[in-house]
Amino acid sequence: MRDFWKRYCRNRGALIGLLILTLVILIAILAPLLFPQSPWKMVQRPFLPPFSQGDLLLGTDAVGRDVMAGLAHGAYVSLLVGLVSTIVALAIGVPIGASAGYFAGRVDDALMRFTEFFQTIPSFALAIVLLATFQPSLTFVIIAIAIVSWPPVARLVRGEVLSLRTREFIEAATLSGLGNLQIITRHILPNALPPIIVLASLMVAQAILLESSLSFLGLGDPNIMSWGYMIGAARTVIREQWWLSFIPGMAILLTVLALNLIGEGLNDALNPRLTRKSK
Amino acid sequence: MSLLSIRDLTIALPEGADRDHAARDISFDLAPGEILCIVGESGSGKSMSANAVMGLLPEGVTPVSGRIDFDGRDILGLSEKEMLALRGSRISMIFQEPLSALNPLMRIGAQIEEVFEAHGALSGAERHEQALRLLTEVGIPDPQVTIRAYPFQLSGGQRQRVMIAMALALEPDILIADEPTTALDVTTQAQILELIENLRRKRNMAVIFITHDFGVVADIADRVIVMQTGEIVETGSADEVLLHPQHPYTNALIEAIPRLTGDHSGGRGDTGEPVLSVEGLCKTFSTGSGKFFGKRRVVDAVQDASFHLYKGETIGIVGESGSGKSTLGRCIVRLLAPSKGRVLLEGEDIAHMPGAELRERRRRIQMIFQDPFSSLNPRSRVSRILTEGPIAYGATPGDARKRAGELLELVGLDASAMSRFPHEFSGGQRQRIGIARALALDPAIVIADEAVSALDVSIQAQVLDLLADLKARLNLSMLFITHDLRVAARICDRIIVMQKGRIIETGPADKVLRDPDTDYTRSLLDAIPGQDYERALAGAG
Amino acid sequence: MTRFILGRLVKSVFILLAILILNFFLIHAAPGDPAAVMAGEAGAADEKFLADLRAQFGLDQPLYVQLWIYLKGAVQLDLGFSFRQQMPVADLIWNRLPATLLLTGAAFVLSLVLGVIAGVAASARQGTWGDTVISTLALLFYATPLFWVALMAVVVFSVWLGWLPGFGFETIGAGYTGFARALDIGRHLILPATTLGLFFMAIYTRMTRASMLEVSRLDFVKTARAKGLRHGVIQRRHVLRNALLPVITLAGLQAGQVFGGAVLTETVFAWPGIGRLMFEAINQRDYNVILGVFFVSAAMVLLFNLITDVIYVFVDPRIRLTE
Amino acid sequence: QEPQAGGTLNVVIQPEPPGLMIGLIQNGPTQMVAGDIYESLLRYDTDLNPHPGLAKEWSVSEDGLTYTFKLHEGVKFHDGEEFTSEDVKFSIDVFLRETHPRLRTSLEHLESIETPDPYTVVFKLKNPFGPFLGLFEPGTAPMIPKHVYEGTDFANNPANNTPIGTGPFKFDKWEKGSYIHLVKNEDYYLEGKPYLDEIYYHVIPDAASRAVAYETGKVDVLPGGSVENFDVPRIKEMENTCITDKGWELFGPLAWMWVNNDNPPLDDPKVRQAIMHAIDREFARDALWNGLGKVATGPVSSSTRFYSDATPDISYDPEKAKALLEESSYDGETIRLLGLPYGETWQRWAEAVKQNLAEIGMDVEIVASDVAGWNQKVSDRDYDLAFTYLYQYGDPALGVARNYFSDNAEKGSPWNNVANYQNPEIDKMFDEAALMVSPEDREKAYAEIQDIIVSDAPNIWLLELGFPTISRCNIHDPVTTAIGVNDSFRDTWIEK
Ligand SMILES: Nc1ncnc2c1ncn2[C@@H]1O[C@H](COP(=O)(O)OP(=O)(O)OP(=O)(O)O)[C@@H](O)[C@H]1O
Ligand SMILES: Nc1ncnc2c1ncn2[C@@H]1O[C@H](COP(=O)(O)OP(=O)(O)OP(=O)(O)O)[C@@H](O)[C@H]1O
Ligand SMILES: [Mg+2]
Ligand SMILES: [Mg+2]
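Chains as they are written, first to last, in my numbering: chain A, 37 to 315; chain B, 5 to 545; chain C, 3 to 325; chain D, 12 to 507.
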């Protein structure tokens, strides 16, 4: 573990990423304390530019809401959407990929057809249809994102499992009398974990982008202040009050960037090739 | 006059490597037409020293002092451009892994012609001519066809020949061969060695040959260098070093070579009930999933194999690569489902036994795997590796741990090993853990598939001793799969010889090794390198 | 080869049918129907009006009958009639498809070509500031929301600088023909194609770079160096070709995503393509159009996958010559 | 200034119309384009007074039961056939009766149509119907060529794709997803008109892009609602840009929130009144609607005939609202607020209302949906509060009564009495007021009606919407009548 940490820290970008993300997480957690009032509250006249008033650091939006408060509460939503949808996607993709890779043959064929099917549908279009059908609410936004983002997980896990499956320690486990489930959960998945973790960090980033795209099209949960919502709402005034879309845009950019950097750092730190060398 | 002269060469390793220097204060000379062998255990710096001559050290690995004189100039001082002119034309190199050393997307011919192109030699048509001639010269069958083939269409031995053809294209002064035969089976190895020997003679080319196989050294070397942890510990003519080693390390290495001849415990009598009987076992693979141009290919990996294994007996299964040894072993433990035939384990047929029942029976028959790296889950502690089997079969965790401790002691490991991860052990220690795992379930039979092939000679010897010892103490029966006849000779009571999926010869080890019935077995025996040397050693000893 | 393609086509038909069925139920499960939407826009309606419309659209029949009718048509490549636009869905899509193909095609080619070039350039300069600049840019493009880039691009290039048209497919009413028209469309294409392509370009850049570095470490590259080949030749002939394999695979997988991105891009840039058609059709519950667009886009994705597989076969002899 | 002939007019259209055959489809964009192609008998000035259209003169009998129209002679359909009284009869009596739900309701008062000669049409009513003369604009009673449609399946007539009317512009080309092109009708019956050579309606789906289109000179006319309100101030400041909020008088768009009168706690008038006073309409007008439009005082828009300003006060008063809520049966329930899916302004408005209600202690959850979902939810009365805005068509009998009639409360349509307001007294009063002959009598009756409805507070009235039409100043007379750009551009000309 210490080893891992040391390798991770060797990547300067990854450290910066971790720093940014920690900051975002802190803001998200502390949002209710820092901005106890609802981010929807209209506190001042609309379109106050940033830094023009002491207590409204980033100014106000089209209906006079505190942009800073929106940003803080939006951090929570974006992270929540990113994390939960990724977890759900993993919960779908990992079992499917693992079963496909482990049992191979017909099971693999069937599961992979199923995955392919979901990959053939343009994912963003599917998300739109899902949300039109089930009405936008946070839960369904998360579900929709998860549904369109699990196939790569399944493919990755399958590939990993396929290559792990023939490793001798798996055969040894079979001979030791372990059941399939035990072998998958105890021996295969832990070893497939590094690439899954890396992918997951990218998926969180993608989910945040997807949520913002959906919000932008008006398919977000209207009761929830998210960054995508803020951009979507501000796009109509992008010309005069460009900062209203710029600020949350930067927030998304930075967070996604941070997640990517972390992903890269994890990739380096978890890379078996590098790991083996410093054994 | 020496062609190449290395003086006090020290090669530094980047930070975080296992030691500071890949090689330290290396000095040696190479004369034209001479074959110089570099031997030593894995990681001793053989490859790095050779790569330094080519100017092909990996990133971060740099020569820090010393000089390499070739043709009157210090290679280390040459610019990249000047090095380009040398590489491939004056000094050539071939590598160990024949599969990955060729570009998978380029035709063989093109890859050879590239050498001429790189040095601006010959015209297009002539290059093709030359490539054909080279392929013929290295003994590729049907060069007209092969020249248009892709690497994956060739066997390992053929690929290695292509590599050699490439290295020889511009008739270099020096050929560096870094373990060129390690991945090949004995027969192919013998052919390649002969090829190198011939070429050397014909062209008066100097060869630096890196290997850890003393048999090979004995067969081809003029002079020998022995390396240990980056330093040259001994150097001299082949005879001096091999027969009268001065340094204790060299001594130890030579001691550890298993002998083909010598006393075998002798076949046990075919007494009592066999613990394992294999009857008419067949395994057919069909490959080519039909994904693209799906022609199905059917491989009869094992055909109609039958034999008995008695209590306390060790049977060696030998044969060239691809002859079906592993497949046979894996069918017996049911890691593969046999296509046909019976496998009677203590009287019961497990060949087609379904899940739960099979699981119950299978604990009686365990396996030791080839690769000590991939046969242990890198994320499991040793305690878990040793206990999860017994626990799965109903032992309490406490009992299982106790037993695991005993097993570790049995295979000669400290009890503190329990809480460590596999990567914290050396290859030999790992193989011991693998053995302990196989024994944890109290099997009657152990199948060892190339259990010592991946190990250095010295460690190989230790593990073989351990196995022999355990077998005697626990009265185990063992199937010992190997392609190394020396190893088989050392440990087996009886030997089964396989060729193309069939058992073609079975008999007591002595008989099979001294006086085989089939030509095939004889050819296998003949291909073993270093037999004269062994005799000489025996004579000397 | 033909057998392989035929097999794939058969499989594709099943996937397409499955997609149609899934979407059919999804979209029919959505609240509201096209009649209600049309009545809604008219601002007034009564039961008769709605019933007439529904009867006219065939929505008064049981769902399974509607599905059956639709599927029967679909297998004969008849995609039905648009309730709202009152024309055959096939015509509607056919009119819009070229615009989408142009946009996604341009974005795709752009992203792939530039991405690979940038990736190669970065890998060649690994560790230098050039590499850092390219990698950082790629990461930035990768992390920026597409629609945000689109908005900003319009503001900067169209409004502030006035260099490029900010939306639309061509200058309406200018009456350009032939080359002039192509040029005009090209100018309109630049912003949306770049916007759509940036994200994917970033992906290909990163992928190519990583793949180049990975391949550079392989044994056969060492062999090539041992031959005395010059660095450039090695990079081009040995490294790049092998490094492109995973990029091609990824590009194949990404076809569906490019189309998804087109929905956003076409909306922001008023590009008359099928992505926008679908988005509008969803809002209008124009069932047949939605299904038609899904059908066509999925078919295109499948076709694209097939093409990449075939390309792959030509690039990688191991697949071509199995056996 | 003397009008100049010639030139191309570029107009934004949004959303893309589903079709241009206005007899079949009457949604906003269709009306806008089809208004250039089709005409009706009359036109209305911005005070809703009738002027000649296809009818050059008209008269009403004393008892209010007979309306006689004299038609222009020599009017031709775009295919060259002459327009006659037969076409009028066919259009009203056959075609529109079959296809036009809004007109159909009014036609219940019609006894018969007679055509004594090709240029005279006589409408006989069963009973006096005050708003009758207000029906003859192209969106309500377009004139449709009998020779093309008679005896055909109207909905599937191929001619629907190439609409044929009598209007000043002819249909030329519709590039779906891009533009609709109309060209000048050279045979128009008024000498010298229209002035314009051609009109392009540009389909641009994104509001921001529509603003850019105007700013970059791609289009010259932005009809009301085509850019987001937030963009209006900026565009207004541009050179050579004129803005008018005229042209909506006939429609009198009034925004309000439906209140589901059945659902507790909203069945309690106190709760509804509390909401009424909780909403800051001025803020909405100023921050969201650019200060355009007027704060609503009741169910009738001030531009509509018979508007009364003597209704009970419903203005913003949070303290009063809190007090009312305190007294009411509200007990912290979550109120679902259904927003109107027509763009950002409406979304912002829902958020502002949610916040307004939060201030007085109501818990509100916004429900998002698209147009179809909105329709369904409102039709099924699956909501607590729902934004809407509806046209009044110049007369309470046409555009107001429908929302308050008890009989109109069945589910299935989003434009009837969705709130399920039940007041038999009001029903009776509406019935009587529609049949009164004298405008003075009607005025009195409607004043009383408005007073009662406002006291009952069945809905929360918000704003009389002001939709600005923006155009370049050198484009003269883009809006001349009470239906604005939905009328034809026949009087519009471009100064060179
Ligand atoms: N690319 C590299 N970076 C850092 N250290 C390296 C690298 N390659 C090899 N080493 C280290 O250099 C030392 C010498 O390695 P070398 O490859 O020369 O050994 P070898 O004698 O050829 O062993 P083998 O028989 O296993 O091939 C070892 O300690 C090894 O870990
Ligand atoms: N899973 C498999 N699918 C298809 N063919 C296989 C499979 N496993 C082995 N084979 C083929 O079966 C034959 C026998 O293989 P096997 O591994 O048993 O040989 P071996 O004698 O163990 O060789 P080696 O000494 O190289 O380990 C070979 O031709 C091999 O290619
Ligand atoms: Mg080596
Ligand atoms: Mg084997």
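Cβ atoms here follow ideal geometry from the backbone N, Cα and C, with glycine treated the same way.
{"Query": "Taking only beta-carbon atoms, is C/Asp35 less than 8 angstroms away from chain D?", "Result": "yes"}
{"Query": "So which residues touch the region around ligand 2, with touch meaning a C-beta under 5 angstroms from any heavy atom?", "Result": "B/Phe289, B/Thr291, B/Val303, B/Ala305, B/Ser325, B/Gly326, B/Ser327, B/Gly328, B/Lys329, B/Ser330, B/Thr331 and B/His487"}
{"Query": "Taking 8 angstroms as the threshold, find out whether the segment 217-229 of chain C comes into contact with the segment 180-189 of chain C through three or more Cβ pairs.", "Result": "no"}
{"Query": "Using the rule of at least 16 other Cβ atoms within 10 Å of the residue's Cβ for burial, across every protein chain shown, is B/Asp469 buried or exposed?", "Result": "exposed"}
{"Query": "For the segment 76-89 of chain C against the segment 160-180 of chain C, are there 3 or more C-beta pairs whose distance is under 8 angstroms?", "Result": "no"}
{"Query": "For the putative contact between B/Leu489 and B/Ile532, defined by C-beta atoms under 8 angstroms, what is the C-beta separation to the nearest angstrom?", "Result": "6 angstroms"}
{"Query": "Would you mind telling me which residues of chain B sit closer than 8 angstroms to C/His240, beta carbon to beta carbon, in chain order?", "Result": "Asn107 and Met110"}
{"Query": "Any heavy atom of ligand 1 inside 7 angstroms of the beta-carbon of C/Ala20?", "Result": "no"}
{"Query": "Let me know if D/Thr492 comes out buried or exposed under the rule of 16 or more other beta-carbons within 10 Å of its beta-carbon.", "Result": "buried"}
{"Query": "With distances taken from CA atoms, which of B/Gln195, B/Asp177, B/His251 and B/Leu478 is nearest B/Thr185?", "Result": "B/Gln195"}
{"Query": "Give me the chain C residues within the contact set of D/Ala285, using Cβ-Cβ distance strictly less than 9 angstroms, ordered along the chain.", "Result": "Under the 9 angstroms cutoff, chain C gives no residues; its nearest Cβ is about 30 angstroms from D/Ala285."}
{"Query": "Would you check if the segment 161-174 of chain B and the segment 195-206 of chain B touch, i.e. whether three or more CB-CB distances between them fall below 8 angstroms?", "Result": "yes"}
{"Query": "Output the distance between the C-alpha atoms of D/Ile286 and D/Ser449, rounded to the nearest integer angstrom.", "Result": "37 angstroms"}
{"Query": "Short check: CB of D/Leu473 to CB of D/Ala298, under 8 angstroms?", "Result": "no"}
{"Query": "For A/Asn259, would you say it is in contact with chain B, using Cβ-to-Cβ distances shorter than 8 angstroms as the test?", "Result": "no"}
{"Query": "Just grab the DSSP bridge partners of D/Ser482 for me.", "Result": "D/Val232 and D/Cys253"}
{"Query": "Short of 7 angstroms Cβ to Cβ, which residues in the segment 240-252 of chain D face chain A?", "Result": "Phe241, Asp242 and Arg245"}
{"Query": "Measure the Cβ-Cβ separation of D/Ala383 and C/Asn285 and say whether it is below 8 angstroms.", "Result": "yes"}
{"Query": "Determine the chain C residues that contact D/Ile377 at a beta-carbon separation under 7 angstroms, and present them in chain order.", "Result": "Ordered by position in chain C, no residue passes the 7 angstroms Cβ test against D/Ile377, which lies about 16 angstroms from the chain."}
{"Query": "Using the DSSP secondary-structure output, state which residues sit across from B/Ala27 in a beta bridge.", "Result": "B/Ile15"}
{"Query": "Quick one: grab the DSSP three-state call for B/Phe296.", "Result": "Residue confidence for B/Phe296 is low, a pLDDT of 46 falling below 50, so the modelled location carries little weight; the figure read from the coordinates is stated next. Three-state DSSP puts B/Phe296 in coil, outside helix and strand."}
{"Query": "Sorted by chain position, which residues of the same chain lie with C-beta nearer than 8 angstroms to D/Pro276's C-beta, five sequence neighbours on each side aside?", "Result": "Val282, Ser339, Ser340, Tyr341, Asp342 and Glu344"}
{"Query": "Since I believe D/Pro149 is in contact with D/Asp406 (beta carbons under 8 angstroms), could you give me their beta-carbon distance rounded to a whole number of angstroms?", "Result": "Incorrect: roughly 17 angstroms between the Cβ atoms, too far for contact."}
{"Query": "Just by C-beta distance, which residues in the segment 295-307 of chain C are closer than 7 angstroms to chain D?", "Result": "none"}
{"Query": "Mind listing the chain A neighbours of D/Arg359? Cutoff is C-beta to C-beta under 8 angstroms, in chain order.", "Result": "Ala98, Val99 and Ala269"}
{"Query": "Can you tell me whether DSSP reads B/Gln560 as helix, strand or coil?", "Result": "What is shown of chain B runs 5 to 545, which leaves residue 560 of chain B out entirely."}
{"Query": "Looking at chain C, is there any beta carbon in it that lies within less than 8 angstroms of the beta carbon of B/Phe425?", "Result": "no"}
{"Query": "Quick check on D/Tyr225: buried or exposed, where buried means 16 or more other Cβ atoms within 10 Å of its Cβ?", "Result": "buried"}
{"Query": "Provide the residue(s) that pair with B/Thr1 in DSSP beta bridges, ordered along the chain.", "Result": "Past the boundaries of the shown model lies residue 1 of chain B; chain B is included only from 5 to 545, so the question cannot be answered."}
{"Query": "Leaving out five residues on either side along the sequence, give the residues of the same chain with a beta carbon under 7 angstroms from the beta carbon of C/Pro194.", "Result": "Leu105, Thr267, Phe271 and Trp273"}
{"Query": "Let me make sure I understand the geometry here. Which of B/Ile507, B/Ser53, B/Gln370 and B/Gln435 has the alpha-carbon closest to that of B/Met482?", "Result": "B/Gln370"}
{"Query": "Round the Cβ separation of B/Gly328 and B/Ala305 to the nearest angstrom and send it over; I've been treating them as touching at under 8 angstroms.", "Result": "5 angstroms"}
{"Query": "Is the CB of B/Gln435 under 8 angstroms away from at least one CB in chain A?", "Result": "no"}
{"Query": "Do we get a CB-CB distance below 8 angstroms when we pair B/Tyr154 with the residues of chain C?", "Result": "yes"}
{"Query": "Which value, in whole angstroms, describes the spacing of the CA atoms of B/Gly294 and C/Val12?", "Result": "Here B/Gly294 scores only 45 on pLDDT, less than 50, and its place in the model is too uncertain to base an answer on."}
{"Query": "Mind pulling the chain C residues with CB within less than 7 angstroms of D/Val223?", "Result": "Val156, Ser160, Val161, Gly168 and Phe169"}
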